[in-house]
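Numbering (the working numbering), first residue to last: 1 to 582.
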């Protein structure tokens, strides 16, 4: 599991989902005055003021009203949109995407609780008479209403955060380029009709693209070749207007291949539960050992690689079910079952510090079974998925291997990731990230924390494949150079982003970004018995990471042009391995 976005030499496209926008945006839509064409009788003192709505300047042509709806006052069209972000199927269950805010959203008055005079501080509450959905030529109304927590007869408080979050959640589905909420007078005083006006968008999207170069290794030679790698993930996120996602992904380099099929149903059998499923297959090669690796395998025809090779095939799938705990919080449960076929050398040893030790392969030879149950809790209040300016993204995940159901690997895993965005007065954005994870038991190596998932100078895994055999750059001169996979991991990082361009057509935004962080990975033996030859602070396996580049939000998705992976090939690393005495 990769807690951070993949990095690429040339191109990386990441699409995330989000279910929160600014509360002030929705309140502005709810509290602006009704057009003058609508007659508004003077309400008695005991009745709440009648709701109203206005259109924003220079609106686009409104969608035609539903012919089955009763005659109403004119519903304002949504304001012009700054530009949608990539709409895509979620990369993990429960994730969601949003679109760019309109200019009006960026210049809204203060929330009602701050702008109303002291003489008018009483809450504005109305009885919801009905809900109307307009503009959904493709998406079925029941799909839209699945994300709306309000029902006829409910009492609506216009200051309630759930109103704003509901609009953001609809934007987060990726089905719509714009969503506007309006309140229209109902059949009597104090009763209102909630009108949801949507502008649909293309939902066949490429949600991930990864291309770059890595320093690979060959099974049959001792070469250090630069090899290209690539991957993509494409999905239809609103199949037939039902909200169902069907997607396919592929990753490959010169000796590896991985495939994945997935689906997501946000309203299984029309109910409140979400379902998610995946099928995966991989034909992969990985390498074990640090330095001075000695191994023997009579099946190798020629050559001796500098690392001990592990060839393996994985085939299996997972099924999950989830539910909304709130508009921005989801809970998921997932069951996974895989079969693994592995070929290992007969024996292998390497030098760890000053000592020669057996190479830990962390996978069983021949045939084995992996069976796990995972639970995930996620809260997402970002305003945008790809170029967020505010909000939180917090994910807590726990996974347990099920030995009673036939799993050959007994382990437990717990991950916590937290991200926070702040928008500065200059429209610059600051982001802080924190991650912590721990694994106990005998997890296979591909389930452990991989150094490339934390260092921007190395390619991250994609569909479970690792493309690079280099260790961490080791800028701090520690024993992290001895570690490739680990059972403990932590990372702290910060990012500064500067907007360079904002548009309304194919390209919606271009930002320059730079980040800096520190991370550490370790195994229990690295803490209990560090490698010999290291002393003092060098026995703490930590390293620095950094990146810079450009992020571009387009109608086809979000693209990152990052340069850390290229810089990782410069001779900047520090080899702190102690030399054995001859």
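Even glycine gets a Cβ: it sits at the ideal position worked out from N, Cα and C.
### Message
Does the structure place the region 411 to 422 close enough to the region 173 to 182 that three or more beta carbon pairs sit under 8 Å?
### Response
no
**Prompt:** Mind pulling the beta strand (DSSP E) runs of 3 or more residues that sit fully within the region 315 to 381?
**Reply:** 329 to 343, 347 to 352, 355 to 358 and 366 to 380
Would you mind reading off the limits of the beta strand (DSSP E) that contains residue 205? 204 to 215
Using 8 Å as the threshold, is the C-beta distance between residue 251 and residue 463 below it? yes
Requested in this report: Would you list the residues sitting across from residue 198 in a DSSP beta bridge?
Outcome: 179
- Item | Cross-strand partners of residue 293 (DSSP beta bridge) | Answer is none; residue 293 lacks a bridge partner.
| task | Within 10 angstroms of the Cβ of residue 312, are there 16 or more other Cβ atoms? Answer buried if so, exposed if not. | result | buried
Over the uninterrupted alpha helix (DSSP H) stretch that includes residue 160, give me the two end residues. Run containing residue 160: none; DSSP gives neither H nor E here.
Which of helix, strand or coil DSSP assigns to residue 480
helix
| query | Just how far apart, CA to CA, sit residue 403 and residue 440? | reply | 14 Å
Q) Can you pull the DSSP bridge partners for residue 123? A) Paired residues: none, contrary to the question.
- prompt: In angstroms, rounded to a whole number, what distance separates the CA positions of residue 552 and residue 211?
  reply: 16 Å
ask   = From residue 143 to residue 267, what distance separates their C-alpha atoms?
value = 8 Å
Checklist line | Cut-off 7 Å between Cβ atoms - residues of its own chain near residue 292, not counting five sequence neighbours on either side | finding: 350 and 351
- Taking just the CA atoms, how far does residue 408 sit from residue 399? 15 Å
- Item | Whether residue 290 touches residue 528 by CB criterion (8 Å) | no
Open item on the list: Taking the straight line between their C-alpha atoms, what separation do you get for residue 281 and residue 566?
Closed with: 30 Å
Practice prompt. Please specify which runs of the alpha helix (DSSP H), each continuous and at least 4 residues long, are wholly inside the region 429 to 490, giving them in chain order.
Written response: none
**Distance CB(residue 548)-CB(residue 517) smaller than 8 Å** = no
| request: Tell me whether residue 538 sits in a helix, a strand or coil according to DSSP, three-state version. | output: helix
### Message
Just verifying my parser: in three-state terms, what is the DSSP assignment at residue 117?
### Response
With a pLDDT of 44 at residue 117, under the threshold of 50, the modelled position of this residue cannot be trusted, and the question is left open.
- Message: Quick test of your reading: residue 208 and residue 233, contact by CB under 8 Å. State the CB separation rounded to the nearest angstrom.
- Response: 4 Å
**Study point:** Expected contact under 8 Å - CB spacing of residue 521 and residue 550 to nearest Å
**Key:** Contact flag wrong, Cβ pair sits at about 29 Å.
Item to complete: Give a yes or no on whether the C-beta atoms belonging to residue 264 and residue 194 are separated by under 8 Å.
Response: no
Item to check | Beta-carbon proximity check, residue 411 vs residue 443, cutoff 8 Å | outcome: yes
#### Entry: When 244, 295 and 189 are compared against residue 356, the one with the closest alpha-carbon
295
- Item | CA-to-CA distance, residue 426 to residue 495, given in whole angstroms | 16 Å
Checklist line | Residues of its chain near residue 353, where Cβ-Cβ distance is below 8 Å and the 5 sequence neighbours each way are ignored | finding: 479, 482, 530, 531, 532, 533, 534, 577 and 578
Inset, instruction - Can you have a look at residue 562 and say buried or exposed, based on whether 16 or more other CB atoms are within 10 angstroms of its CB? - result: buried
DSSP state of residue 568 mapped onto helix, strand, coil:
coil
* **Classification of residue 287 by the beta-carbon crowding that lies within 10 angstroms, buried from 16 upward** => buried
task: Go through its chain and collect everything with a Cβ distance to residue 497's Cβ below 6 Å, but skip five positions before and after it.
output: 429, 511 and 513
May I ask which residues mark the beginning and end of the beta strand (DSSP E) holding residue 560? 557 to 562
*DSSP three-state call for residue 270: helix, strand or coil?*
helix
Just verifying my parser: in three-state terms, what is the DSSP assignment at residue 146?
coil
Verify whether the separation of the beta carbon atoms of residue 213 and residue 133 is less than 8 Å. no
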